[in-house]
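Peer 1: First the structure, which I've put down as C-alpha cells, then a few questions once you've had a look.
Dropping the structure here:
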C-alpha cells in the first residue's frame, strides 16, 4: 500500500475524507471493521465504514484502499454502494471498542480504551497491534496515567466469550490457504459448515467457494442473505461465479445478478450465455490487458498483484482500447519470461507474440485442451469474430472440467489440525 504509514491510530481516522484515484472525494471514514480472533491473536482489519452523500454508509474492503496518509484515504475507485450491514463475526472499532473498560493482563488492573492502532503486515493484511489506554484517575480532577500496550497485553474485548465456537475455528482456518481451507470446510457437518462460512469475510469465502464441490457451493450460497450472496459472487473470479450461478434455478440466479453491481454482473451474464464445456464457458473475463504503448515496467507491476492467479499472471494480453473485455482489437500476447528479459522502459508492443492463435468462444473443451498441450501454454486468449478479446482460458479451469466430479474425495490428505464438525 503506497504511502501507508507504519501505524495508524483509528480514532484519528474518524471523519477523514476518502478520495478516488483522480482526486474526487467519495465520502468520509466513519468506522473500521475488524474480526476478533482467538485469545492473544491480533484482530484482522476487514475494511472501512464510509459515509457517502445521502448519509448512506457503505463498506470498503482494505484490499481496495491504496493509501492512508495524513488527512486522507485513497481508494482504487471500485466502491460498492450497497448499504453496510454489520455481520455477527464483525466488530466496529469506534462503535464497540473505544471507551470500553478492559484489563491489563500483567496485573488485572482496569483501564479504559481511548484508541487502537493498526499496522500492515508483510502479507499486506492489516491487524490491530496496539491499544492506547488510560488508568482510572485518582480524585475528582486528576486524569489517570495513559499508556500504549500491545494487543496481547489486554483482555476483555469479548473474544473469550466465543469459547469453543467459531472464533477458535476461524483462527485455525486463517493459517490455511483456500484449497486446504475448502477441504476442512467440506468435512464439517452441513450445519457447522454453514455457520463457519457465514462468519468468514467476503474475500475469504469467495476464495473458498471457488475450491469447493458444486453441492457445497450451492448449499452455502442458498443459506446466505441475498445481499451477502451477491457480495460474495462479486468477490469471486467471474468464471467461477458464473459456474455457480448456472447451478441455481434461473429465477434465483437472476435475482442475485440484479442485486450485484451492474459492472460486476455484466461479465457473468456474458459467460452464462455459453455452454460450460466450451472456451466461452471456461474463460475468465479478467485477464491482464494492456495497450501496446504500455511499458514492460507497467506489465510486470500488473502481474505482481497477489490476487492474480499464477496461470493468468504468466502472460499479458495486448489490445487496442477499450481495455475491459470485450476489448478493442486483440494484438497478441506478451509472455512474462520475455518481459523479465527486457528493460523496464521498453514497450510491450515490441515483445508481443502474434503467433499464438486465439480461440473462438464456441470451441469445445477437447479442442481447448489440445491447443494448450500442443503449444505448452498455461492460458489461451478467446476472441469474437471481430478479434475483440473476450477473456482467457487457463489450464486450472480446464483441469477442473477434466477431473472426475468426486476428485476431491479421492486420497484426501490431512491438511491441518482436526476440526470437530458439530451437529
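Residue numbers (the working numbering): 40 to 462. For every residue, glycine included, the Cβ atom is placed at its ideal position computed from N, Cα and C. Please read all numbers here as calculations on a predicted model, not as lab measurements.
Can you give me the C-alpha to C-alpha distance between residue 189 and residue 46, rounded to a whole angstrom?
Peer 2: Roughly 13 Å between the two C-alpha positions.
Peer 1: Can you tell me where the beta strand (DSSP E) with residue 153 in it begins and where it stops?
Peer 2: 149-159 is the extent of the beta strand (DSSP E) around residue 153.
Peer 1: On the DSSP bridge list, what partners appear for residue 108?
Peer 2: Answer is 111, bridged to residue 108.
Peer 1: With respect to the beta strand (DSSP E) encompassing residue 70, which residues constitute its N-terminal and C-terminal limits?
Peer 2: Start and end: 64-74.
Peer 1: Would you call residue 356 buried or exposed, if buried means 16 or more other Cβ atoms sit within 10 Å of its Cβ?
Peer 2: Buried is the call here.
Peer 1: Since residue 114 and residue 65 should fall inside the 8 Å C-beta cutoff, what is the C-beta to C-beta distance between them, to a whole number of angstroms?
Peer 2: Confirmed, Cβ separation roughly 7 Å.
Peer 1: Which of helix, strand or coil does DSSP assign to residue 395?
Peer 2: Three-state result, residue 395: coil.
Peer 1: From residue 165 to residue 98, what does the alpha carbon distance come to, in whole angstroms?
Peer 2: Their backbone Cα atoms lie some 16 Å apart in a straight line.
Peer 1: Helix, strand or coil for residue 301? Go by DSSP, reduced to three states.
Peer 2: Note: residue 301 maps to helix in three-state DSSP.
Peer 1: Measure the C-alpha to C-alpha separation of residue 337 and residue 309 and round it to an integer number of angstroms.
Peer 2: Roughly 29 Å between the two C-alpha positions.
Peer 1: When the Cα of residue 51 is compared with those of 248, 155, 90, 102, which residue comes out closest?
Peer 2: Measuring from the Cα of residue 51, the nearest candidate turns out to be 155.
Peer 1: If the criterion is Cβ atoms closer than 8 Å, does the pair residue 86 and residue 101 meet it?
Peer 2: Contact flag set, yes.
Peer 1: Can you give me the start and stop residues for the beta strand (DSSP E) that residue 375 sits inside?
Peer 2: Here residue 375 belongs to no beta strand (DSSP E); instead the alpha helix (DSSP H) covers 375-379.
Peer 1: If distances are taken between C-alpha atoms only, which option among 238, 240, 422, 169 comes closest to residue 80?
Peer 2: Closest by alpha carbon: 169.
Peer 1: Is it right to say residue 369 is buried, meaning 16 or more other beta carbons lie within 10 angstroms of its own, or is it exposed?
Peer 2: Answer is buried; the Cβ neighbour count reaches 16.
Peer 1: Using a Cβ-Cβ cutoff of less than 8 Å, which residues in the same chain neighbour residue 345 once the five nearest sequence positions on both sides are dropped?
Peer 2: Cβ neighbours of residue 345 beyond the five flanking positions: 163.
Peer 1: Please classify residue 349: does DSSP put it in a helix, a strand, or coil?
Peer 2: Looking at residue 349 - three-state DSSP - the assignment turns out to be helix.
Peer 1: Assign residue 99 to one of three DSSP states: helix, strand, or coil.
Peer 2: Here residue 99 sits in strand by DSSP.
Peer 1: Specify, as a first and last residue, the run of the alpha helix (DSSP H) that residue 10 falls within.
Peer 2: Past the boundaries of the shown model lies residue 10; the chain is included only from 40 to 462, so the question cannot be answered.
Peer 1: Beta carbon of residue 103, beta carbon of residue 89: below 8 Å?
Peer 2: Not a contact, by the Cβ cut-off of 8 Å.
Peer 1: So the candidates are 330, 436, 119; which of them puts its Cα closest to the Cα of residue 59?
Peer 2: The shortest C-alpha separation from residue 59 is found at 119.
Peer 1: Could you work out which residue in 402, 395, 311 is closest to residue 414 when comparing CA atoms only?
Peer 2: Here the closest residue by C-alpha is 395.
Peer 1: Considering residue 420, what are the terminal residues of the beta strand (DSSP E) in which it resides?
Peer 2: Start and end: 418-422.
Peer 1: Given this structure, state the Cα-to-Cα distance separating residue 428 from residue 365, to the nearest angstrom.
Peer 2: Looking at the two C-alpha atoms, the distance is approximately 5 Å.
Peer 1: Would you list, in sequence order, the uninterrupted alpha helix (DSSP H) runs of no fewer than 4 residues that lie entirely inside the stretch 252-319?
Peer 2: Whole alpha helix (DSSP H) segments, 4+ residues: 253-262, 265-274, 277-285, 289-298, 301-311.
Peer 1: Can you tell me the Cβ-Cβ gap for residue 271 and residue 244, rounded? I've got them flagged as a contact below 8 Å.
Peer 2: Confirmed, about 5 Å.
Peer 1: Using a Cβ-Cβ cut-off of 7 Å (strictly less than) and excluding sequence neighbours within five positions of residue 410, which residues of its own chain qualify?
Peer 2: Contacts found: 398, 419.
Peer 1: Can you tell which of 73, 367, 375 has its C-alpha closest to the C-alpha of residue 426?
Peer 2: Residue 367 is the option with its Cα nearest to residue 426.
Peer 1: To the nearest angstrom, how far is the alpha carbon of residue 194 from that of residue 128?
Peer 2: Cα-Cα distance, rounded: 18 Å.
Peer 1: Exposed or buried, residue 277, counting other C-beta atoms within 10 Å across all chains shown (16 or more means buried)?
Peer 2: Counting Cβ neighbours within 10 Å, residue 277 comes out buried, since at least 16 surround it.
Peer 1: Within 10 Å of its beta-carbon, does residue 61 have 16 or more other beta-carbons around it, so buried, or fewer, so exposed?
Peer 2: Exposed.
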